[in-house]
Every structure is written in C-alpha cells, then in structure tokens.
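To start, the structure under review is shown below, and the notes come after it.
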Amino acid sequence: MKYLARRVGLLLVTGWAALTFNFVLPRLMPGNPVEVMLARFQGKLTPQAANALEVAFGLKTKQSAIGQYFSYLGHTLSGHLGVSLTYFPEKVTTLIGEALPWTLGLVGFATVVAFVVGTAIGALAAWHRGSALDSVMVPTGVMLGAMPVFWIGLLVLYVFAFKLGWFPVAGGSSGGQGLTSISGFGAVISHAALPAITLTAVSLGGYIILMRNTTITVLQDDFVKFARAKGLPERVIAARYAARNAILPNFTTFALALGFVVAGAIFIEYVFDYPGIAYLLYQAVTSLDYPLMQGIFLVIVVGVLIANFLADLLYVFLDPRIRVEARR
Amino acid sequence: MRALLRNRRALAGASILAFFGLVAIFAPLIAPYSPTDINFTPMLGPSAKHLLGTTPQGQDIFSQLVYGSRDSLEVGVITGAIISAVQLVMGVFSGYAGGWVDSVLSSVTNVFLVLPGLVLLIVITSYVTTKGVPVIIGVLAVTGWAWGARVLRSQAIALRDRPFVEAARMSGERRWHIVVFNIVPNMFGVLVANFFGAALYAVLAEAGLDFLGLGNINDVSWGTMLYWAQSANAMLLGEWVYLLLPGLCILLLGTGFGLLNFAVDEVADPRLRRV
Amino acid sequence: MAPLLEVRDLYVGYGWDKRNLMTVVRGVSLSVARGEVIGLAGESGCGKTTLAMAVAGLLEPPGHVVKGQVLFEGRDLLGLSRDEQRALRLAEVSMVFQASMNVLNPVMRVKDQFHDAMAAHGVKSAEVSLARARELFAAVKLPERFLDAYPHQLSGGMRQRAVIALALCLRPKLLVLDEPTTALDVVVQRSIVQMLGDLRKELGFGVIFVTHDLSLLVEIADRVAIMYAGQVVEEAPAQALYEEPRHPYTAALMGSFPPVGAERQRLAGLAGQPPDMRQLPAGCAFSPRCPKIIPGTCEVLSPTETHDGAGRRVSCHLYAQQAEEVAQVG
C-alpha cells in the first residue's frame with residue numbers, strides 16, 4: 001500500500017535525521033563538548049567517564065569524521081547509548097528503561113483521554129451549534145489551548161496537593177513501591193492523578209475546537225443532506241454520517257500532535273517531580289549530561305515516530321478511501 | 329473585514345491584545361519601579377507601596393509584571409511573523425509547484441512536523457552557550473513552522489486548479505508572479521489566522537522555556553518570574569500572588585491570540601460562518 | 604381523480620432574519636397527477652430548486668415557507684410533524700439532488716446505505732434490503748458487485764445511477780429529480796434518461812424533473828412548467844409547448860437550444876441579466892428583457908394568468924384578452 005509505504009519512509013528518514021542531528025550538533029557548537037566537560041569536572045572524570053563521552057560523541061580521535069559517524073551509528077543502532085555522567089556509572093539505557101514506563105503511562109493516558117473526550121465535546125457543540133453549550137465550549141476550548149501547562153501544574157499542585165492535601169506533592173510513588181502490591185498500585189495512581197489530569201485538561205482544548213469546526217463543515221456536505229432526504233433519524237445521521245466522517249481529519253491531527261504532548265509532559269513531570277523520561281531529559285540538560293541527553297532525545301523521537309506510525313495504521317482502517325484503492 | 333469587526337470573539341481577542349500592547353508600550357509610565365531593582369524588602373505582601381508585593385529577591389512584583397508584557401509580546405509577534413513567513417514560502421511554493429519540488433519540500437515539512445518540537449528546542453538551547461531572546465526566537469521559529477506550512481500547502485493546491493489561476497498561467501504570467509498576486513491574496517484569511525496561531529505558540533513556548541530556566545534567567549519575563557517563584561519555593565512560602573499572576577497574564581495574552589485565530593478562521597472560511 | 608401532488612400558492616423565502624426574507628418562490632401553484640412527468644425549467648436562480656426542495660419536504664433554514672400549501676395525496680406536507688415528514692421521505696416522496704457526486708457517505712459501503720435507508724422505514728432485515736438493492740441495481744444496469752464497494756470506487760455516472768436506485772428502493776409515488784444529468788456527459792445522460800423512462804413504466808411513479816435543459820424536457824415530460832423569477836410563467840403539454848411557445852421567455856429558452864438533427868439556424872440568445880430577487884420591477888418580472896414588451900403596461904402591471912381549455916396556462920399581457928381570465932387582480 002502506497003500510503004503506508006510512504007509513512008514508513010517518513011519514519012525512517014526522520015529517525016535518521018534525529019540520529020544525524022545528535023551527531024552533528026555537538027560538533028557545530030563552539031568548542032569541543034568533551035573539553036567543556038573535562039573543564040567542568042576539573043579532572044574528576046575517570047578514564048572510563050571520558051571514554052563514555054567519547055562513545056556518546058563518536059569521538060574516537062583516530063578516525064576521520066565519516067568514520068566516526070558510522071561507528072556512532074553502529075553503536076547507537078545496536079543499543080549502546082553510552083554511560084551517564086551524572087549518574088555514573090549507570091548506563092543510559094538503564095536509566096531510560098527505568099523512567100520510560102512512567103512517562104508512557106502518563107502520556108498514553110492523557111493523549112487518549114484528551115482525544116476521546118475533546119472530540120466528543122466538539123461533536124456535541126457542533127451538533128447543537130449556537131446553543132449555550134456551543135457558546136461556552138468555544139471560548140473554553142480556546143482558553144484551555146492557551147494555558148501554560150506548567151503554570152496550571154503549579155496551581156493544581158498548590159491547591160490540591162499542598163493546601164488541600166488530597167494528593168501527594170511529588171514523585172511517582174511512595175517509598176519506591178512498584179506496581180506489584182495493591183497499596184503500591186494505589187500510590188502510583190494517586191501520584192499520577194494530578195499530572196495526568198492536568199496534562200489531559202490542557203490537551204483537551206485543541207481537540208474540542210478542531211472537532212467542532214470539522215463537524216460543522218461536514219454537516220454541510222451533500223451526503224448529510226441526502227441522509228436527511230432518505231428520512232434517516234437524526235441520531236443515525238449524527239453518528240454514522242457526520243461524526244464518522246468528521247473524525248478523520250481530527251485523527252490525522254491527533255497523530256501529528258503526539259510530538260506536542262511530549263512537550264507538555266516535560267513541564268508536567270518537572271513541576272510534579274514525576275520520575276519520567278521527560279524529567280530525566282530536563283535533568284540531563286541542566287547538568288549538561290550529554291550522553292544521557294542524546295540518548296533520551298533519540299528515544300523520545302523514536303517513540304513519537306512509532307506512535308505516529310501506529311496512528312497512521314489505525315487511520316487506514318478508519319478511512320476506506322485509503323484502504324481500498326479507487327478503481328477510477 | 330467588516331464581518332471580522334462584528335465578530336464578538338475577534339473583538340474580545342483584539343481588546344486583550346490592545347490592552348497588553350498598551351501596557352507594554354507605556355510600561356515605564358505604569359510601573360512604579362524598575363523591575364530589576366532589588367532594593368526593596370523581600371517577601372512583602374501586597375500593600376500601597378507595592379501593589380502586588382515583592383519577590384524573595386526584593387523586586388517589585390507589579391513592575392515585573394508590567395515589564396514582562398514587553399517580552400512576551402515581542403517574542404510572540406516577532407516569532408509569529410517569522411514563522412508565518414517561513415510557512416508561506418514553504419507551504420505555498422511547495423503546494424503550487426507540485427512535482428518533485430513538492431515531494432521534497434513536503435517531506436522536509438513532515439520531518440519537522442513529526443519531530444517533537446520542544447524536545448528539539450530543549451536540546452538545542454542546551455548546546456547554545458548564549459542565552460536570551462534572539463536565540464529563543466530563532467529556535468522557536470525553526471521548530472514551529474511545520475504545521476501551518478501543511479495547511480497552507482493544501483490551500484495552495486486547492487487554489488492552483490481554480491480557473492482564474494489557470495487563466496493567469498495561460499496568459500503567460502511568471503510563476504512567482506502568479507503566486508504572489510493571485511494565490512496569496514486568496515489565502516489571506518488563512519495566513520492571518522496562522523499568524524495568530526503561531527504567535528500563540530510562541531508566547532506559550534517561550535514562557536515554558538523561560539520557566540525551565542533555559543532562557544536568560546536575568547531577563548524580566550512572565551516565564552522567568554515563574555521560574556524564580558518555583559525555585560524559591562513560593563508555593564511552600566504561601567506566595568500565591570507570585571505564582572498566580574504571571575501565569576494568568578500568559579494565559580490572557582495567549583487567549584487573545586487564540587480568540588483572534590479562531591475568529592479569523594471563522595470569518596474566512598465560508599463554511600464556518602455564523603448563522 | 605385527486606392529483607398526487609398539489610402545490611397551492613406557495614411562497615418561499617431565504618434569509619436568517621425572518622422579518623427580512625428574500626422571496627425566491629412567489630406564489631407557485633402546480634399539480635402532478637399519478638404517474639405523470641412534469642418538467643420544471645428555467646435559468647439558474649429562478650427558484651426551481653427551492654421549489655423542488657419545498658415540495659419534497661426538505662427545505663431547511665435559511666429557507667422558509669412563508670405561505671401556501673403542498674398537498675401530497677391530500678395531506679398538507681408542511682403541516683406534518685417532523686417525524687411524520689421523515690416517514691414520508693423516501694417511502695412516498697423521494698428526491699435526487701443536483702450533482703449527486705458526493706451524495707453518498709464515503710465511509711459506508713453502498714449496500715449499507717441502502718440498508719440504513721430501508722431500516723429507517725421499517726425494513727429491519729439486512730437480507731431483504733440486500734435483495735431489494737440487487738433488484739434495483741439490475742434495473743439501473745449496475746453490476747451487483749458494486750454494492751459491496753465504497754462510493755469512491757464508482758464513477759460519477761455510476762454513482763448517479765446508484766442514487767437513483769436508492770431513491771426508488773421503497774417504491775415512492777413521487778420522484779423529484781433536480782438536474783440529475785447536468786454534471787454528466789451527454790451519452791451517460793441519454794442512458795440515464797432512458798433508464799428513468801423504463802423504470803417509470805414499470806413502477807408507475809410520478810416525476811418532477813427540474814432542469815435548465817428545455818430540449819430534454821420536451822422529449823421526456825408529459826407537461827412542462829416554465830419558471831422565471833420565482834413564478835410559473837407558462838405551463839403546457841410538452842409537445843404543445845415545443846410547437847407553440849406562448850410566453851416570450853419560453854420562446855427565448857427554446858431558441859437557445861438547437862435541435863441536433865435540424866438545419867443550422869441562428870441562435871437567439873436572451874439579452875440582459877437574471878433578475879435581482881430583491882429588486883423586482885412592479886409589473887412583470889420579465890419586462891426588462893422581454894422582446895415583446897408592451898410599453899406602459901408590462902413594467903407596471905403584473906400579468907394575470909390565463910388558461911385555455913386545452914390544459915395550457917400562461918402569465919403574459921399578450922394573452923390577457925384571450926380565453927377565460929382567472930379572477931386575480933395583479
């Protein structure tokens with residue numbers, strides 16, 4: 001299928017671009033980052049740490065730039081992302097592995113719920129266009145979309161966790177308990193509740209407005225008029241004719257918005273001290289832990305690309321015009 | 329145009345922008361003190377001398393808030409303009425040209441679209457040694473243009489096949505001439521809406537970067553105010569004014585841009601026009 | 604026998620403000636007998652589509668019926684509740700829109716669109732719907748396998764046939780067709796018109812055929828009504844109209860369509876612009892463009908409608924002295 005082939009192609013190209021970006025950027029900046037690091041740590045770097053840096057940057061000094069590039073690619077693609085500097089001697093992959101599930105849970109939940117709820121509200125608003133619901137939902141949607149995530153996070157944290165004490169103030173769980181025990185699970189949920197709700201709320205606005213506008217446009221399409229001419233009940237028209245068609249472009253946008261949700265996750269994790277991969281990235285950036293930073297960057301990009309691709313796959317099922325090639 | 333003036337949301341959005349614009353322009357007259365003045369007693373609550381109290385470093389909150397508007401508006405408008413320009417070139421040219429040019433340009437667009445912008449942003453800013461507004465503007469522009477470019481591209485494609493464009497082509501008008509004088513004027517509504525959307529994105533993203541401490545933390549902006557509030561544990565100290573107001577301003581300014589974005593969209597697209 | 608459909612003095616307006624509507628159908632009366640084909644012809648903007656929609660009960664805001672009745676088998680359609688109206692659609696009165704290219708839901712298979720229409724009118728069984736759909740596809744000469752297809756897999760002409768098949772699935776008594784062939788090429792047009800004729804002979808439904816192509820109507824319609832500026836200006840049996848158009852507008856319309864087989868002739872076009880419905884002249888709406896205008900009369904006095912005994916009527920001052928006059932003061 002041409003459509004899927006193109007999407008896979010895009011995935012590969014973007015992945016390659018990210019890899020190359022990781023390789024090229026440190027070399028473009030003034031000064032050798034390794035020297036910067038050495039200076040910063042003032043000789044406290046052990047030989048192993050220096051080596052870790054070199055692996056991360058592909059800076060085997062004996063090779064040419066092209067050679068370095070390929071050994072870097074080789075290392076990365078085989079899963080050797082180097083060793084973290086701040087958490088030395090923890091491997092980057094280990095750290096990422098620990099943090100990733102937290103973010104996946106958070107982002108996964110927020111994205112799906114925001115899409116489903118936002119789309120539903122948007123469709124309702126469009127269907128009852130001009131009503132009180134619609135008039136309220138539009139500015140609400142705009143405002144939700146204009147909200148700085150981190151600020152809302154701070155406020156929510158302040159009110160619900162700090163002042164009211166309903167939720168814990170920081171962290172992913174209490175006392176390092178995992179998901180294995182009931183109380184551990186409960187702790188995880190209560191820690192994740194505020195971040196998840198905040199992230200969802202902020203993502204909601206865009207979907208509401210998008211679905212509303214798309215549905216309004218679809219409602220004017222000829223096939224909706226004909227559905228009425230067939231004497232179909234309004235509920236059937238709303239569901240199988242209007243919404244079913246309006247959701248298609250929304251879904252495309254949803255796939256593309258996955259990158260933005262990661263952005264929101266960064267702020268949320270930071271504010272709530274949530275031990276996810278985005279928070280880890282922030283820490284890596286502020287402590288100039290280049291290997292860790294590059295590794296996370298790569299993982300995030302790959303993750304978004306995969307999610308994107310899955311969404312594209314799902315889209316094929318939703319839209320028969322893609323699924324079945326037109327005969328004429 | 330007239331329809332826009334009658335649109336309630338457009339008026340609301342425009343009023344918000346006008347308000348902040350005036351505040352920004354007349355900041356020296358409105359703010360009682362310089363925002364960076366640290367000579368005041370820190371951690372004061374609101375009073376007659378300090379309308380909103382003082383920060384843990386001893387600065388007047390109200391003055392900071394007022395001057396902060398300059399930063400946000402500046403970044404918002406300038407970045408919005410740059411992004412709009414890039415979108416225009418990439419999207420319209422790619423859509424109109426078609427063929428391999430389109431394939432290449434839209435692939436580039438798609439790559440930038442799929443890459444998580446803020447992550448890219450954060451990584452780039454960590455490498456860059458100088459911090460400050462120009463860097464932020466540059467980085468935001470590089471990461472934020474892709475989505476609008478896609479929209480403009482599909483508009484350009486739709487317009488390309490319209491009779492009047494055909495006619496222009498037949499009469500031998502040069503390609504860029506057709507684009508500039510025939511296609512672009514017909515996309516005016518979308519372009520304007522995109523500008524406001526880009527400005528919204530810029531305001532929020534810049535605030536976000538400042539908040540994380542990736543901008544110049546000595547600049548006065550609403551984002552950095554929140555950065556200092558966070559690092560000084562304003563929450564624990566009960567300084568809710570410090571926490572609340574900068575964010576509220578970001579929200580309001582963002583809403584202003586957002587409302588205009590929505591309203592222009594509504595007016596420009598005949599299918600969305602109000603009953 | 605009571606007519607199948609009777610439109611009595613219908614006025615339809617357009618606008619969002621009910622006090623300030625633009626009237627696009629101005630006092631139209633029309634009747635369709637069982638199994639009869641009525642052609643409705645006129646330029647773009649004369650109100651024929653609006654009339655068709657109102658007759659089929661499909662008028663929605665910003666269109667409003669201001670005055671008048673639409674009696675279907677004696678019942679006033681406009682007075683029915685929404686549910687009653689819905690029940691009538693497709694089952695009694697069916698409409699095929701102009702440009703049926705996009706009239707089918709892109710994400711549903713064609714057979715499912717038959718089924719949901721039939722289910723809405725009480726036929727719950729999918730097998731029954733499918734059997735009926737197959738029957739109809741055969742009647743419109745579409746290969747059965749396209750029932751399983753999605754609309755985008757059919758060509759424009761095929762979609763038009765599929766829509767016509769759908770419109771007939773519940774054996775309506777009246778079929779309203781709005782420019783069903785305008786967007787198609789002439790060959791397809793011909794085959795569809797022929798198919799409609801065959802179906803009508805078999806199923807016996809009445810037809811209102813709206814088009815600007817008068818030459819087509821002359822061939823297939825029993826009677827033809829000519830509309831101008833929201834009014835019926837002439838109505839006559841098709842052949843009679845062709846041989847002797849009475850209203851100057853009809854004559855002009857005729858003159859614009861050269862018959863293919865006839866000898867070369869000068870085409871007489873029609874001067875002027877279609878009327879602005881918001882600024883109609885006090886008298887006859889056609890007077891600004893009429894080649895046979897009676898100065899001093901036509902611009903200021905509305906023509907009265909005159910009937911001759913042979914089933915013809917015309918609204919024109921040229922014929923005011925002839926035959927019986929309907930007691931209407933203009």
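So the protein lines, in turn, are chains A, B and C.
Position 88 of the first sequence, counted from 1, bears residue number 88 in the working numbering, the numbering being contiguous throughout.
Whatever position you read off the second sequence (first residue = 1), add 328 for the working numbering.
Whatever position you read off the third sequence (first residue = 1), add 603 for the working numbering.
Glycine included, each C-beta is placed from N, C-alpha and C at the ideal position.
For residue i, the residue or residues it bridges with in DSSP
i: Val-610 (chain C); result: C:Leu-633, C:Val-673
i: Ala-854 (chain C); result: Answer is none; Ala-854 (chain C) lacks a bridge partner.
i: Ala-644 (chain C); result: C:Thr-814, C:Ile-829
i: Glu-908 (chain C); result: C:Ser-918
i: Gln-792 (chain C); result: Gln-792 (chain C) pairs with nothing; no bridge assigned.
i: Gln-834 (chain C); result: C:Tyr-831
i: Thr-382 (chain B); result: B:Asp-388
i: Ser-697 (chain C); result: C:Leu-778
CB contact flag (residue i, residue j, <9 Å)
i: Gly-575 (chain B); j: Ile-152 (chain A); result: yes
i: Leu-873 (chain C); j: Arg-892 (chain C); result: yes
i: Leu-607 (chain C); j: Gly-809 (chain C); result: yes
i: Gln-558 (chain B); j: Val-518 (chain B); result: no
i: Thr-407 (chain B); j: Met-553 (chain B); result: no
i: Ala-146 (chain A); j: Leu-532 (chain B); result: yes
i: Ser-968 (chain C); j: Leu-773 (chain C); result: Since the displayed chain C opens at 604 and closes at 933, residue 968 (chain C) lies outside it and no answer follows.
i: Leu-693 (chain C); j: His-724 (chain C); result: yes
i: Thr-93 (chain A); j: Leu-81 (chain A); result: yes
i: Arg-7 (chain A); j: Phe-260 (chain A); result: no
i: Tyr-614 (chain C); j: Val-673 (chain C); result: no
i: Val-218 (chain A); j: Ala-193 (chain A); result: no
i: Ile-578 (chain B); j: Ala-535 (chain B); result: yes
Cβ neighbour criterion (16 or more within 10 Å) applied to residue i
i: Ala-657 (chain C); result: buried
i: Ala-527 (chain B); result: buried
i: Phe-812 (chain C); result: buried
i: Ser-400 (chain B); result: buried
i: Asp-489 (chain B); result: exposed
i: Gln-756 (chain C); result: buried
i: Leu-662 (chain C); result: buried
i: Gln-882 (chain C); result: exposed
i: His-128 (chain A); result: exposed
i: Ala-591 (chain B); result: buried
i: Ala-65 (chain A); result: exposed
i: Met-211 (chain A); result: buried
i: Glu-594 (chain B); result: buried
i: Met-418 (chain B); result: buried
i: Leu-313 (chain A); result: exposed
i: Gln-385 (chain B); result: exposed
Beta-carbon proximity list for residue i, same chain, < 7 Å, skipping 5 on both sides
i: Thr-402 (chain A); result: A query on residue 402 (chain A) cannot be resolved here, the shown segment of chain A reaching from 1 to 328 and no further.
i: Trp-166 (chain A); result: Phe-160
i: Val-271 (chain A); result: Phe-150, Gly-153, Leu-154, Leu-157
i: Val-569 (chain B); result: Pro-374, Leu-380, Gly-381, Ile-389
i: Ile-96 (chain A); result: Ile-277, Gly-295, Ile-296, Val-299
i: Lys-2 (chain A); result: none
Proximal residues to residue i (C-beta, below 6 Å), its chain only, five neighbours per side dropped
i: His-667 (chain C); result: Gly-616
i: Ala-855 (chain C); result: Leu-873
i: Ala-311 (chain A); result: Ala-255
Close beta carbons around residue i, own chain, < 8 Å, minus the five adjacent residues each side
i: Gly-176 (chain A); result: A caution first: Gly-176 (chain A) carries a pLDDT of 44, below 50, which makes its placement in the model too unreliable to give a value.
i: Arg-849 (chain C); result: Glu-837, Ala-839, Arg-915, Val-917, Cys-919, Leu-921, Tyr-922
Any non-hydrogen atom of the ligand MN closer than 8 Å to residue i Cβ
i: Lys-163 (chain A); result: This structure lacks the ligand MN, and indeed carries no ligand of any kind.
Against chain B, which members of the region 137–166 of chain A pass a CB distance test of less than 8 Å? Val-138, Pro-139, Val-142, Met-143, Gly-145, Ala-146, Met-147, Pro-148, Val-149, Phe-150, Trp-151, Ile-152, Leu-154, Leu-155, Leu-157, Tyr-158, Phe-162
Closer than 9 Å, Cβ to any Cβ of chain C: which residues of the region 235–256 of chain A, in chain order? Val-236, Arg-240, Tyr-241, Arg-244, Asn-245, Leu-248
Scan the region 269–282 of chain A for residues whose Cβ lies nearer than 9 Å to a Cβ of chain B and list them as they occur along the chain. Tyr-270, Val-271, Ala-278, Leu-281, Tyr-282
Residues in the region 444–456 of chain B with C-beta within 9 Å of chain A's C-beta atoms, listed in sequence order? Pro-444, Gly-445, Leu-446, Val-447, Leu-448, Leu-449, Ile-450, Val-451, Ile-452, Thr-453, Ser-454, Tyr-455, Val-456
Taking Cβ-Cβ distances below 9 Å as the criterion, which residues of the region 220–232 of chain A are in contact with chain C? Asp-221, Asp-222, Phe-223, Val-224, Lys-225, Phe-226, Ala-227, Arg-228, Ala-229, Lys-230, Gly-231, Leu-232
Members of the region 715–730 of chain C that neighbour chain A once the beta carbon cut-off is set at 7 Å: Asp-719, Ala-720, Ala-723, His-724
Using a Cβ-Cβ cut-off of less than 8 Å, give me the residues of the region 399–410 of chain B that come near chain A, in sequence order. none
What are the residues in the region 114–129 of chain A lying within 8 Å of chain C by C-beta distance? Going along the region 114–129 of chain A in chain order, one finds no residue with a Cβ nearer than 8 Å to chain C.
Residues within the region 527–544 of chain B neighbouring chain A, beta-carbon criterion of under 9 Å: Leu-528, Val-531, Leu-532, Ala-533, Ala-535, Gly-536, Phe-539, Leu-540, Gly-541, Leu-542
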